[in-house]
Each structure stands twice: as C-alpha cells, then as structure tokens.
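Taking it in order: structure first as structure tokens, then the write-up.
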Amino acid sequence: MSADTTAAKTDDVTLYDVDNPAPVIEAPRKRTKKTPKATRGNFEMYGWLFMRLSGIVLVVLVLGHLLIQLVLDGGVSKIGFAFVAGRWASPWWQAWDLVMLWLAMLHGANGLRTIINDYAERDNTRFWLKMLLYTATVFTVLLGTLVIFTFDPNIR
Amino acid sequence: MPAGTLYRGREGMWSWVAHRVTGVLIFFFLFVHVLDTALVRVSPEAYDEVVATYKTPLVALLEYGLVAAILFHALNGLRVVAVDFWSKGARYQKQMLWTVMAVWFVLMVGALYPVLGHAVREVFGS
C-alpha cells in the first residue's frame with residue numbers, strides 16, 4: 003500500500019490532478035444498483051425468539067395438562083371417552099388444548115428443522131427430510147384442530 | 805476430545821445434547837398422541853380401547869419416562885431462556901443446571917406414586 007502511494011508521487015509532483023483524476027474505489031459493503039433489494043431477512047431470529055416465547059407458555063400448558071391427565075383424580079385410570087367429553091364441554095379447555103396443540107407442534111417442528119439442518123449434510127437428504135417434517139406437521143395440526151372443533155359427545 | 809471439534813463437553817454441552825434428545829422424543833410422542841386422541845371422532849369404543857393400552861404397567865413405565873423427558877426439557881428450557889435474556893445468565897449456567905437437576909429429581913420422586921402407583925398395584929396385586 004505504501005509502495006503504491008509513493009509510486010503515485012514522482013519528485014513531489016502528484017500523479018493525479020483535476021484533469022487527470024484518480025480512479026474511484028468503492029467501499030466493499032457499499033450498496034450499488036446491482037445489490038439485491040431484499041436481503042435474507044430475519045426469519046432465523048424470529049424462529050429463535052419463537053422457541054423461547056412458546057417454550058415459556060408451553061411449560062404452563064403442558065405441565066398443567068400432565069397434572070390433570072396423569073396426577074389428579076386417579077391419574078391415567080380415569081381417562082376415557084366420557085372424561086374427554088366432560089373436559090371439551092368447556093370452551094376454556096378446548097382453547098387450552100388448541101393453543102397447546104399449535105404451539106407444541108410448531109415448537110417441535112422448528113426444533114426438528116434445526117436438527118435436520120445440523121446433521122443432514124447432503125442437500126437432497128436435508129430437503130426431503132424437511133418436506134416430510136412439514137407434511138407431517140401440517141397434517142397433524144389440521145387433524146388435531148379438526149378433532150377439537152368437531153368433537154361430538156353424542157357420536158353414539 | 806478429538807482435535808478440531810466444536811464440542812466442549814461438561815455441563816454446557818451435555819445439557820444441550822439432552823435437550824435435543826428429549827425434544828425429539830417428545831415431538832414423536834406428540835404425533836402419536838394427536839392420532840390416538842383423534843379416535844374420539846371414530847367412536848367412544850375405539851378411543852377407550854386404545855387408551856386402555858396407556859393404562860397397562862409397561863406403558864405406565866414409558867409414561868414415567870415421558871414425564872422425565874418433558875420435565876427436563878421444560879426446566880432446562882427455562883434455563884436456556886435465562887442464559888439468553890438474563891445479563892448474568894451465562895455466568896450462572898452451571899449453577900442453574902444443577903438447580904434444574906435438583907428440581908427435576910424432586911418432581912420425579914413426586915410423580916412416582918401418581919404415574920406408577922396403579923401399575924404397581926396391578927403387577928403386585930392389592
């Protein structure tokens with residue numbers, strides 16, 4: 003670099019002047035017309051934030067769910083169609099289960115997406131594993147939502 | 805430790821490994837659980853028949869394992885939130901992990917009777 007600047011001067015006379023300007027070198031990160039407008043976005047940051055926020059809510063929802071299903075009133079022995087009908091008669095528990103289903107599925111799907119990205123090294127393997135994951139996730143979320151909304155205690 | 809690895813061992817790495825393993829196990833159970841619950845749309849008999857398997861001693865033991873995985877994932881998840889958002893979180897990550905393990909142990913002892921009690925009665929009578 004210093005060699006260049008000294009080379010630019012010969013006998014204290016500057017090589018460049020008004021009639022003979024030095025070439026402009028743009029800063030490496032400078033935005034030009036060729037720079038794409040949309041950059042990569044913040045998807046991964048929102049994913050990271052979602053894991054923490056949904057995680058905190060899920061601690062309450064899932065531990066409450068376990069307490070009701072496995073501990074209170076005789077634990078798992080009491081569970082049956084009649085028990086489910088009793089609980090889903092209340093909009094509160096319907097909403098509880100619906101929010102828990104969506105948050106848990108999205109939290110789990112995003113977690114598994116991270117794990118696939120980490121360990122599946124071939125592009126093809128990674129792509130198809132994630133397609134399988136997304137298909138299974140959409141199917142399960144929709145099925146669970148349908149079941150909560152269309153539950154019929156008098157099915158028989 | 806092999807040369808050039810990013811894995812550092814100790815509390816930080818092993819809690820991270822356990823978080824991943826328990827997370828995957830819970831997620832796979834969640835698929836099964838939504839499917840078995842969906843049987844309430846088929847018939848009360850179909851649902852009750854499948855739920856009956858949840859009441860067998862062997863599956864009760866698996867449920868205890870599920871509770872263990874969920875409790876670790878929940879408590880360690882709160883620790884991860886603390887490490888990320890609390891200014892002193894990273895400094896106290898080891899102490900927080902041992903706190904997580906202590907709370908986990910207490911809750912697991914507390915879950916013994918409610919989750920496994922009926923299975924023990926079934927296997928050993930009375």
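Quick mapping for you: the protein sequence lines, in order, are chains H and D. Under our numbering, the first residue of the first sequence is numbered 3, with each subsequent residue one higher. Under our numbering, the first residue of the second sequence is numbered 805, with each subsequent residue one higher. Ideal placement from N, C-alpha and C gives every residue a C-beta, glycine not left out. Owing to the predicted nature of the structure, the values given are computational and were not obtained by experimental measurement.
- Message: Just to confirm before moving on: does the CB-CB distance between Pro-848/D and Arg-158/H stay below 7 angstroms?
- Response: Along the second sequence, one-based indexing puts residue 848/D at 44. Along the first sequence, one-based indexing puts residue 158/H at 156. Contact flag set, yes.
- Positions along the segment 832-853 of chain D whose CB lies within less than 7 angstroms of some CB in chain H: Leu-834, Phe-835, Val-838, Thr-841, Ala-842, Val-844, Arg-845, Ser-847, Pro-848, Tyr-851, Asp-852
- Task: Quick one: residues in its chain with C-beta nearer than 7 angstroms to the C-beta of Arg-925/D, no 5 flanking neighbours on either side, listed in chain order?
- Result: Working through the second sequence from its first residue, we reach residue 925/D at position 121. In the same chain as Arg-925/D, and ignoring 5 residues on each side of it, no C-beta atom comes closer than 7 angstroms to its own.
- Could you check what DSSP says for Asn-44/H in three-state terms: helix, strand or coil? Here residue 44/H refers to the residue found at position 42 of the first sequence. It is coil, neither helix nor strand.
- Which runs of the beta strand (DSSP E), 3 residues or longer, sit entirely within the segment 45-89 of chain H? none
- Please classify Asn-22/H: does DSSP put it in a helix, a strand, or coil? Taking the first sequence and counting its residues from 1, the one referred to as residue 22/H is at position 20. Asn-22/H falls in the strand class under three-state DSSP.
- Query: If we ignore side chains and look at the alpha-carbon of each, how far apart do Ala-842/D and Leu-875/D end up?
  - Reply: What you label residue 842/D is simply residue 38 of the second sequence in a count that begins at 1. What you label residue 875/D is simply residue 71 of the second sequence in a count that begins at 1. Those two C-alpha atoms are separated by around 25 angstroms.
- Task: Anything in chain H within Cβ reach of Val-919/D, meaning under 7 angstroms, just list it in chain order.
- Result: Against the second sequence, residue 919/D aligns to sequence position 115. Those are Leu-72, Gly-77, listed as they occur along chain H.
- Task: Take Arg-128/H and list the residues in its own chain whose beta-carbon comes closer than 7 angstroms to its own, dropping the five residues that flank it on each side.
- Result: For the purposes of this step, residue 128/H is identified with residue 126 of the first sequence, where counting begins at 1. Cβ neighbours of Arg-128/H beyond the five flanking positions: Ile-118, Asn-119, Ala-122.
- Message: Please report the distance separating the alpha-carbon of Asn-44/H from that of Trp-50/H.
- Response: Residue numbering aside, residue 44/H sits at position 42 when the first sequence is read from its first letter. Residue numbering aside, residue 50/H sits at position 48 when the first sequence is read from its first letter. Straight-line Cα distance between these residues: approximately 10 angstroms.
- State yes or no: is the beta carbon of Gly-88/H nearer than 7 angstroms to at least one beta carbon in chain D? Position 86 of the first sequence holds residue 88/H. So no, Gly-88/H is outside the interface.
- Query: If you compare alpha carbons, which of Thr-137/H, Leu-55/H, Gly-66/H, Ile-81/H is closest to Trp-98/H?
  - Reply: Counting from 1 along the first sequence, the entry for residue 98/H is found at position 96. Cα-wise, what sits closest to Trp-98/H is Gly-66/H.
- Query: Between Gly-76/H and Gly-808/D, what straight-line distance do the alpha-carbon atoms span, to the nearest angstrom?
  - Reply: Walking along the first sequence from the start, residue 76/H turns up at place 74. Walking along the second sequence from the start, residue 808/D turns up at place 4. Between Gly-76/H and Gly-808/D, the C-alpha separation is close to 53 angstroms.
- Item | Below-7 angstroms beta-carbon distance, Val-149/H vs any chain D residue | In the first sequence, counting from the first residue as 1, residue 149/H sits at position 147. True, the Cβ-Cβ gap to chain D drops below 7 angstroms.
- Using a C-beta cutoff of 7 angstroms, does Ala-91/H count as contacting chain D? As a working mapping, residue 91/H is identified with position 89 in the first sequence. No, Ala-91/H does not count as interfacial toward chain D.
- Query: What did DSSP end up calling Lys-898/D once you bin it into helix, strand or coil?
  - Reply: Position 94 of the second sequence, counted from the start, is the residue given in the question as residue 898/D. Of the three classes helix, strand and coil, the one that applies to Lys-898/D here is helix, per DSSP.
- Find the nearest neighbour of Phe-832/D within the set Val-910/D, Val-907/D, Leu-870/D, Phe-928/D, judged by alpha-carbon distance. On the second sequence, position 28 is the one that residue 832/D refers to. Out of Val-910/D, Val-907/D, Leu-870/D, Phe-928/D, Leu-870/D has the C-alpha closest to the C-alpha of Phe-832/D.
- Message: Taking the beta carbon of Ser-819/D as the centre, do at least 16 other beta carbons fall within 10 Å, making it buried, or is it exposed?
- Response: Working through the second sequence from its first residue, we reach residue 819/D at position 15. It is buried - the Cβ of Ser-819/D has at least 16 other Cβ atoms within 10 Å.
- Task: Have a look at Leu-144/H and Ile-81/H and give me their C-alpha separation to the nearest angstrom.
- Result: For the purposes of this step, residue 144/H is identified with residue 142 of the first sequence, where counting begins at 1. For the purposes of this step, residue 81/H is identified with residue 79 of the first sequence, where counting begins at 1. So the alpha carbons of these two residues sit roughly 24 angstroms apart.
- Residues of chain H with a CB under 9 angstroms from the CB of Val-904/D: which are they? Sequence index remark: in the second sequence, residue 904/D carries index 100 (1-based). Correct list: empty, because the minimum Cβ distance to chain H is about 12 angstroms.
- Answer yes or no: do Gly-893/D and Val-887/D have a C-beta to C-beta separation smaller than 7 angstroms? What you label residue 893/D is simply residue 89 of the second sequence in a count that begins at 1. What you label residue 887/D is simply residue 83 of the second sequence in a count that begins at 1. In this structure, Val-887/D lies closer than 7 angstroms to Gly-893/D by Cβ.
- Message: Can you tell me whether Leu-144/H is helix, strand or coil according to DSSP?
- Response: Numbered from its first residue, the first sequence carries residue 144/H at position 142. Three-state result, Leu-144/H: helix.
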